[in-house]
Amino acid sequence: MSRIAHRFATLRQQGRGALIPYVEACDPDYDTALAILRGMPAAGADLIEVGVPFSDPSADGPTIQKAALRGLKGGSSMKRVLEMIAAFRADDDETPIILMGYANPIEAYGPERFCVDAKKAGVDGLIVVDLPPEEADLLGAPAAQAGLDIIRLVAPTTPDERLPVVFSGASGFVYYVSITGVTGTRTASTDELAQALPRLRRATDLPIAIGFGIRTPELAANAVRVADAAVVASALLNTLEGTLDAAGQATSRTVPAVLEQLRALADAVHDVRK
């Protein structure tokens with residue numbers, strides 16, 4: 010059983026949902042991002058998304074775009090991202106790690122080589138935002154051979170008849186993009202989420218995580234009342250950005266502030282009993 014499947018199975022037995030925080034690799038530098046990543050499990054993260062900085066994102070709002078640019082300025086490369094995951098794995102062999110990014114850096118690295126190296130570093134799953142199911146052959150075979158989960162995105166506008174196509178070959182969990190638009194903008198209402206989840210449940214047995222617009226402990230708790238996990242990204246990155254100095258460098262407040270916010274989110278999520 011993969012780390013992702015094992016974690017969701019354990020949480021299901023415990024009757025609670027998961028919190029999936031996001032950290033951008035090398036934002037604002039390698040050491041700070043690694044310190045945040047290493048501190049996330051103790052702060053309440055059940056799974057962790059690590060963003061791969063990319064210069065031309067299509068789904069990310071201003072907050073994650075700025076984080077990606079800081080990450081690139083901080084020395085990010087695919088090789089460096091995988092080094093960060095491997096450093097994390099030296100101390101934590103249990104927390105699932107999902108890389109979230111775009112197809113271009115993977116294609117430039119070489120899909121087969123990337124999947125082998127990602128697995129070796131300790132990656133468990135991949136979310137490739139701009140890789141639709143019709144183009145999945147880029148990663149499908151090498152990811153399966155390496156034992157990496159391919160996590161698919163589904164949106165409120167995805168029609169029912171397309172869901173079997175989207176979920177074909179998917180594993181790990183499903184990422185429900187709860188709004189139409191980019192990350193870090195508006196938030197879906199509780200009623201909207203409650204209406205959306207049943208049709209997804211009918212189409213897949215995979216756990217469902219809700220992301221985009223989950224900014225507060227209350228919203229994260231609402232998400233896990235109807236789904237299996239809440240993903241929080243822009244809110245944590247906004248906190249990180251607010252601690253940087255005038256030159257955009259980390260300060261003594263950067264890591265503690267992000268982890269303190271994460272603890273509040275985790276407390277709210279873990280208080281929801283299912």
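Under the numbering used here, the residues of the sequence shown are numbered 10 to 283, in order. Using N, Cα and C, we set each Cβ at its ideal position, and we do this for glycine too.
Exercise. What did DSSP end up calling V267 once you bin it into helix, strand or coil?
Worked result: As a first step, residue 267 must be located in the sequence shown, where it is residue number 258. It is helical.
For this session: Would you kindly work out how many angstroms separate the C-alpha atoms of G190 and L245, rounded to a whole number?
Result: For the purposes of this step, residue 190 is identified with residue 181 of the sequence shown, where counting begins at 1. For the purposes of this step, residue 245 is identified with residue 236 of the sequence shown, where counting begins at 1. At G190 the pLDDT is 47, less than 50, meaning the model places this residue with poor confidence and gives no usable figure here.
For this session: Can you give me the Cβ contacts of A273 inside the same chain, cut-off strictly under 8 Å, excluding the 5 residues immediately before and after it?
Result: As a working note, residue 273 is residue 264 in the sequence shown. Answer for A273: P226, listed in chain order.
For this session: Give the straight-line distance between the Cα atoms of K75 and G119, rounded to the nearest whole angstrom.
Result: Within the sequence shown, residue 75 is the residue found at index 66, counting from 1. Within the sequence shown, residue 119 is the residue found at index 110, counting from 1. So the alpha carbons of these two residues sit roughly 26 Å apart.
For this session: May I have the straight-line CA-CA distance separating V264 from R79, to the nearest angstrom?
Result: The residue given as residue 264 occupies position 255 in the sequence shown. The residue given as residue 79 occupies position 70 in the sequence shown. Their Cα atoms are separated by approximately 16 Å.
Problem set entry | Through-space distance from I94 to Y39, alpha-carbon basis | Here residue 39 refers to the residue found at position 30 of the sequence shown. Here residue 94 refers to the residue found at position 85 of the sequence shown. If I take the Cα positions, the gap works out to 11 Å.
Exercise. What are the partner residues of E33, as DSSP defines its beta bridges?
Worked result: By one-based count along the sequence shown, residue 33 stands at place 24. Beta-bridge pairing links E33 to G60.
For this session: Apply the 10 Å Cβ neighbour rule to E33 and answer buried if 16 or more other Cβ atoms are within range, or exposed otherwise.
Result: Here the question's residue 33 lines up with position 24 in the sequence shown. By the neighbour-count rule (16 or more Cβ atoms within 10 Å), E33 is buried.
Problem set entry | Own chain residues within Cβ distance below 6 Å of I45, not counting five before or after | Along the sequence shown, one-based indexing puts residue 45 at 36. Only V32, V264, V267 meet the Cβ criterion.
Exercise. In this structure, does DSSP put L215 in helix, strand or coil?
Worked result: Walking along the sequence shown from the start, residue 215 turns up at place 206. The answer is coil: DSSP assigns L215 none of H, G, I, E or B.
Problem set entry | Helix, strand or coil at Y111 [DSSP, three-state] | Translated into positions along the sequence shown, residue 111 becomes position 102. In this structure, Y111 counts as coil in the three-state DSSP scheme.
Exercise. From the DSSP output, which residues share a beta bridge with G48?
Worked result: Numbered from its first residue, the sequence shown carries residue 48 at position 39. Answer is none; G48 lacks a bridge partner.
Exercise. Which whole-angstrom value is the C-beta distance of L157 and V163, which I expect to be below 8 Å?
Worked result: Counting from 1 along the sequence shown, the entry for residue 157 is found at position 148. Counting from 1 along the sequence shown, the entry for residue 163 is found at position 154. In this structure, L157 and V163 do not form a Cβ contact; the two beta carbons are roughly 19 Å apart against a cut-off of 8 Å.
Exercise. Nearest to T72 by alpha carbon, out of F17, A242, A27?
Worked result: The residue given as residue 72 occupies position 63 in the sequence shown. Among F17, A242, A27, the Cα nearest to that of T72 is on A242.
For this session: May I ask you to list the residues that DSSP assigns as paired with L162?
Result: The residue given as residue 162 occupies position 153 in the sequence shown. For L162, which the question treats as bridged, DSSP gives the partners Y184.
Exercise. To the nearest angstrom, how far is it from the Cα of V125 to the Cα of A54?
Worked result: For this step, residue 125 is matched to residue 116 along the sequence shown. For this step, residue 54 is matched to residue 45 along the sequence shown. So the two alpha carbons sit approximately 26 Å from each other.
For this session: Using DSSP bridges, identify the partner residues of D135.
Result: If you number the sequence shown from 1, residue 135 lands on position 126. The amino acid at residue 135 is misidentified as Asp; the sequence shows Leu. Looking at the DSSP assignment, L135 forms a beta bridge with L108, I159.
Exercise. Among A150, I136, F97, which residue has its Cα nearest to the Cα of K129?
Worked result: Here residue 129 corresponds to residue number 120 of the sequence shown, with the count starting at 1. The shortest C-alpha separation from K129 is found at F97.
Problem set entry | F176 versus G220 - alpha carbon distance | Along the sequence shown, read from residue 1 onward, the residue named residue 176 stands at position 167. Along the sequence shown, read from residue 1 onward, the residue named residue 220 stands at position 211. C-alpha separation (whole angstroms): 17 Å.
Problem set entry | Proximal residues to M109 (C-beta, below 6 Å), its chain only, five neighbours per side dropped | Taking the sequence shown and counting its residues from 1, the one referred to as residue 109 is at position 100. Hits under 6 Å: E58, G60, I136.
Exercise. If we count the other Cβ atoms within 10 Å of its Cβ and call it buried at 16 or more, is S180 buried or exposed?
Worked result: Position 171 of the sequence shown, counted from the start, is the residue given in the question as residue 180. Buried: at least 16 other Cβ atoms inside 10 Å.
For this session: Keeping to the same chain, check which residues put their C-beta closer than 7 Å to that of G257; ignore five residues upstream and five downstream.
Result: Here the question's residue 257 lines up with position 248 in the sequence shown. Only P37, R79 meet the Cβ criterion.
Problem set entry | First through last residue of the beta strand (DSSP E) which encompasses V241 | Here residue 241 corresponds to residue number 232 of the sequence shown, with the count starting at 1. Residues 238–241.
Problem set entry | According to DSSP, residues forming a beta bridge with A27 | The residue labelled residue 27 in the question sits at position 18 within the sequence shown. Looking at the DSSP assignment, A27 forms a beta bridge with A238.
For this session: Taking V132 and I106 to be in contact with their CB atoms under 8 Å, please state how far apart those CB atoms are, rounded to whole angstroms.
Result: The sequence position of residue 132 within the sequence shown is 123, counting from 1. The sequence position of residue 106 within the sequence shown is 97, counting from 1. Rounded, the Cβ-Cβ distance is 5 Å, consistent with contact.
Problem set entry | Exposed unless 16 or more other CB atoms sit within 10 angstroms - verdict on G24 | Stepping through the sequence shown from its first residue, residue 24 is reached at position 15. Exposed, because fewer than 16 other Cβ atoms sit within 10 Å of the Cβ of G24.
Problem set entry | Straight-line gap, R12 to L56 (C-alpha atoms, nearest Å) | Stepping through the sequence shown from its first residue, residue 12 is reached at position 3. Stepping through the sequence shown from its first residue, residue 56 is reached at position 47. Answer to the nearest angstrom: the Cα atoms are 9 Å apart.
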